[in-house]
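Quick notes on the structure that follows.
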């Protein structure tokens, strides 16, 4: 085992995971000079993209050309799938591997781009080292691995939310979970398939088996598909095909809103008992295959015993705005588990922290937070002259990729503790709204009608005011009307 | 699907009249949210808030920085701004670890129309609140 990096020992921070979340966090910790180890159970970088998605390309876009250079910050809004970096050679790596004519990467293209990022950024990882258990020892956390113990002041668990999760329905354990579905040509040809679930993975695998020539396909779960949300998502053209066929009456295509009571094995086949609350009679379905597309959980190991509060029956940790366990200090999360940090969720709109385009920015925020809280050093907050404040915020609303991607969740924040405005950077909106410092946060939000609007939060003399501005059909917020609105809103703050 | 949640829902007055499959549908319609002690759940004067039902833990109602009352298991909040389209008149802050079910504000009205017994329970609770507030004056 000699020659492997990061032997067991004492580190300021230990990062667990070598998927996009782990790599992005290590990159920013490195930029800030935070001494840290990176451990991974895998034998190479890529995380979930070493295995998923099974059938389809990703649902997030990567444009290969744009009106801005590929190496610019603005290009990040054109490319939801690359990691971010300060150096041009590390930016926009997905467009460089994307098959000609495509705008959504395949699993293999994601894996390649992440490996390239890890190599070029010289991110060191101790591969083949599984985190097994966790304990506290004074002010240190101790992570036990196959190779020995790692002591640290903060652990960043970038462990993904990709472990199969199956609800406690009698017999459902007989089904194959999504993660165990074989993508082998002809595997589902002429079969009757029931998929339990109605979210991304259910529609993805549904469309996958339809293409194989499935005879009958039924998707069943209690909750109707969230068409409002799906209509805004690139899922629509592919994943929703089974639903589209169901509502138009295609034979052998069914989408049921019913709870699954139990699953039985009858010889080589299955019988699935379901109950639709709007009907008196149960519906009994028969199938050759049952697939549980019932979701995923983060592999939290023994963290619940350590006191880490969880949500969704232990599937995710409950997090603070800085991605720390709400109950056990020092236990942080990166990658798609940061979706558990809720933010304001205005109008029910969630962050996109479950996707690379969301959590890549969370990683930068987390790294700075760790650097500042562990070392006590504070990154400079550059002053913004009063006459520059309005044009600066309008330019950010216009072009900041963080605001465009993480709507209603991330904001450009300027603080005004003593009258002078300082740039606090991009922060979770919740940090400013629930804080006490005077200043302004600018963000883009979906409103109740799913229109995108610029929203300003201004605190002066401790009093917070929310200003929801009108939408613009071309999403250009440098127009005169917005300038005047910001002048009015910020006038008192700028005049001190 | 989340059996634990369904069991807990069945014990709350608000959902006491629902049959099992309906409770299961409710559990799937609402989102579960967990807040650490001190975290804010609803914010005074900020639009777009949700409707919340407390499953576990305690919360405080704070108006202009002043604590007004306490909420616990089975209590709910956010329905007034969700139904009237206004902004919350109070902060709701978690006092302990707080486990809630939430429904985005615009979805509350259609949810109540689909579940009239829940609407009736909510109306009774609002009527009691009104009676109690009159009595105090």
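Residue numbers (the working numbering), protein chains in the order written: chain A, -7 to 488; chain B, 16 to 152. Virtual Cβ for every residue (Gly too), placed ideally from N, Cα, C. Model, not experiment: these values are computed from the prediction.
Contact check, residue i vs residue j, beta carbons under 8 Å
i: residue 57 (chain B); j: residue 107 (chain B); result: yes
i: residue 189 (chain A); j: residue 213 (chain A); result: yes
i: residue -2 (chain A); j: residue 132 (chain A); result: no
i: residue 2 (chain B); j: residue 44 (chain B); result: Given that chain B is displayed from residue 16 to residue 152, the structure contains no residue 2 (chain B) and the question cannot be resolved.
i: residue 38 (chain A); j: residue 152 (chain A); result: no
i: residue 195 (chain A); j: residue 243 (chain A); result: no
i: residue 470 (chain A); j: residue 382 (chain A); result: no
i: residue 203 (chain A); j: residue 280 (chain A); result: no
i: residue 127 (chain A); j: residue 134 (chain A); result: yes
i: residue 50 (chain B); j: residue 318 (chain A); result: yes
i: residue 386 (chain A); j: residue 405 (chain A); result: no
i: residue 98 (chain A); j: residue 7 (chain A); result: no
i: residue 309 (chain A); j: residue 292 (chain A); result: yes
i: residue 120 (chain A); j: residue 59 (chain A); result: no
i: residue 94 (chain A); j: residue 53 (chain A); result: no
i: residue 136 (chain B); j: residue 19 (chain B); result: no
i: residue 485 (chain A); j: residue 415 (chain A); result: no
i: residue 246 (chain A); j: residue 286 (chain A); result: no
i: residue 359 (chain A); j: residue 17 (chain A); result: yes
i: residue 370 (chain A); j: residue 379 (chain A); result: no
i: residue 84 (chain A); j: residue 109 (chain A); result: no
i: residue 118 (chain B); j: residue 65 (chain B); result: yes
i: residue 23 (chain A); j: residue 3 (chain A); result: no
Minimum C-alpha distance to residue i - residue among the options
i: residue 207 (chain A); options: A:41, A:180, A:238 and A:325; result: A:180
i: residue 71 (chain B); options: B:55, B:83 and B:110; result: B:110
i: residue 372 (chain A); options: A:438, A:413 and A:1; result: A:413
i: residue 268 (chain A); options: B:39, B:59 and B:69; result: B:39
i: residue 54 (chain B); options: A:486, A:447 and A:425; result: A:425
i: residue 55 (chain A); options: A:155, A:76, A:91 and A:106; result: A:91
i: residue 487 (chain A); options: A:239, A:410 and A:307; result: A:410
i: residue 69 (chain B); options: B:128, B:150, B:26 and B:149; result: B:26
i: residue 356 (chain A); options: A:154, A:12 and A:2; result: A:12
i: residue 98 (chain B); options: B:67, B:22, B:24 and B:84; result: B:67
i: residue 375 (chain A); options: A:407, A:396, A:358 and A:210; result: A:407
i: residue 450 (chain A); options: A:369, A:428, A:36 and A:156; result: A:428
i: residue 114 (chain A); options: A:448, A:15 and A:340; result: A:15
i: residue 130 (chain B); options: B:34, B:84, B:20 and B:23; result: B:34
i: residue 85 (chain B); options: B:149, B:138 and B:113; result: B:113
i: residue 448 (chain A); options: A:457, A:440, A:441 and A:442; result: A:457
i: residue 274 (chain A); options: A:248, A:294 and A:285; result: A:248
i: residue 105 (chain B); options: B:75, B:59 and B:123; result: B:59
i: residue 232 (chain A); options: A:48, A:5, A:473 and A:485; result: A:48
i: residue 354 (chain A); options: A:75, A:287 and A:116; result: A:75
i: residue 1 (chain A); options: A:85, A:26 and A:139; result: A:139
i: residue 390 (chain A); options: A:465, A:367 and A:346; result: A:465
i: residue 100 (chain A); options: A:260, A:43 and A:154; result: A:43
i: residue 283 (chain A); options: A:289, A:341 and A:157; result: A:157
i: residue 36 (chain B); options: A:340, A:350, A:215 and A:443; result: A:215
i: residue 86 (chain A); options: A:366, A:329 and A:348; result: A:348
i: residue 107 (chain A); options: A:178, A:339 and A:82; result: A:82
Beta-carbon separation (whole angstroms), residue i vs residue j, contact threshold 8 Å
i: residue 475 (chain A); j: residue 463 (chain A); result: That pair is no contact at about 16 Å.
i: residue 272 (chain A); j: residue 265 (chain A); result: Between residue 265 (chain A) and residue 272 (chain A) the Cβ distance is about 15 Å, and since that is not below 8 Å, they are no contact.
i: residue 187 (chain A); j: residue 197 (chain A); result: 6 Å
i: residue 103 (chain A); j: residue 41 (chain A); result: 5 Å
i: residue 397 (chain A); j: residue 460 (chain A); result: About 20 Å; that fails the 8 Å criterion.
i: residue 73 (chain B); j: residue 116 (chain B); result: Going by Cβ atoms, the distance from residue 73 (chain B) to residue 116 (chain B) rounds to 16 Å, so no, they are not a contact pair.
i: residue 46 (chain A); j: residue 252 (chain A); result: The Cβ separation is near 22 Å, so there is no contact.
i: residue 75 (chain B); j: residue 82 (chain B); result: 5 Å
TODO: Check whether the segment 289 to 308 of chain A touches the segment 399 to 407 of chain A, taking contact to mean three or more Cβ pairs, one atom from each stretch, closer than 8 Å.
DONE: When C-beta atoms of the segment 289 to 308 of chain A are compared with those of the segment 399 to 407 of chain A, fewer than three pairs fall below 8 Å, so the two segments do not count as touching.
Open item on the list: I want to know whether the segment 159 to 169 of chain A touches the segment 144 to 151 of chain A - three or more CB-CB distances under 8 Å.
Closed with: Between the segment 159 to 169 of chain A and the segment 144 to 151 of chain A, the count of C-beta pairs closer than 8 Å stays below three; the two stretches do not touch.
Task: Members of the segment 90 to 116 of chain B near chain A, C-beta cut-off 7 Å - done: Taken in chain order, the members of the segment 90 to 116 of chain B whose beta-carbon sits within less than 7 Å of a beta-carbon on chain A are 112.
Task: Contact list for the segment 293 to 319 of chain A against chain B, Cβ threshold 7 Å - done: Look at the segment 293 to 319 of chain A: the residues with a C-beta under 7 Å from a C-beta of chain B are 301, 303, 304, 305, 310, 312, 318 and 319.
Task: Contact residues within the segment 58 to 88 of chain B, judged by C-beta distance below 8 Å to chain A - done: Listed by position along the chain: 58, 60, 61, 62, 63, 64 and 65.
TODO: Decide if the segment 143 to 150 of chain B is in contact with the segment 83 to 91 of chain B; the criterion is three or more beta carbon pairs, one per stretch, under 8 Å apart.
DONE: Taking 8 Å as the limit for Cβ pairs, the verdict is that the segment 83 to 91 of chain B does not touch the segment 143 to 150 of chain B.
Open item on the list: Give me the subset of the segment 123 to 148 of chain B whose CB atoms are less than 8 Å from a CB atom of chain A, sorted by chain position.
Closed with: Within the segment 123 to 148 of chain B, no residue has a Cβ that lies closer than 8 Å to any Cβ of chain A.
Task: Three CB pairs or more closer than 8 Å across the segment 429 to 448 of chain A and the segment 318 to 334 of chain A - done: At 8 Å Cβ cutoff, the stretches do not touch.
Open item on the list: Along the segment 327 to 340 of chain A, where does the CB come closer than 9 Å to a CB of chain B? Name the residues.
Closed with: The segment 327 to 340 of chain A vs chain B, Cβ under 9 Å: 332, 334, 336, 337, 338, 339 and 340.
- [ ] Give, in chain order, every residue of the segment 408 to 430 of chain A whose Cβ lies closer than 9 Å to some Cβ of chain B.
- [x] Within the segment 408 to 430 of chain A, the residues whose Cβ lies closer than 9 Å to some Cβ of chain B are 422, 425 and 426, listed in chain order.
Task: Under 7 Å (Cβ pairs) to chain B, residues found in the segment 244 to 265 of chain A - done: Here the close residues are 251.
TODO: Pull out every residue of the segment 31 to 53 of chain A whose Cβ sits closer than 7 Å to any Cβ of chain B, in chain order.
DONE: Those would be none; no residue qualifies.
Open item on the list: Which residues of the segment 374 to 400 of chain A have a Cβ closer than 7 Å to any Cβ of chain B? Give them in chain order.
Closed with: Flagged: no residues at all.
Open item on the list: Please list, in chain order, the residues of the segment 456 to 478 of chain A that have any C-beta partner in chain B closer than 8 Å.
Closed with: If the cut-off is 8 Å between Cβ atoms, the segment 456 to 478 of chain A has 456, 457, 458 and 460 near chain B.
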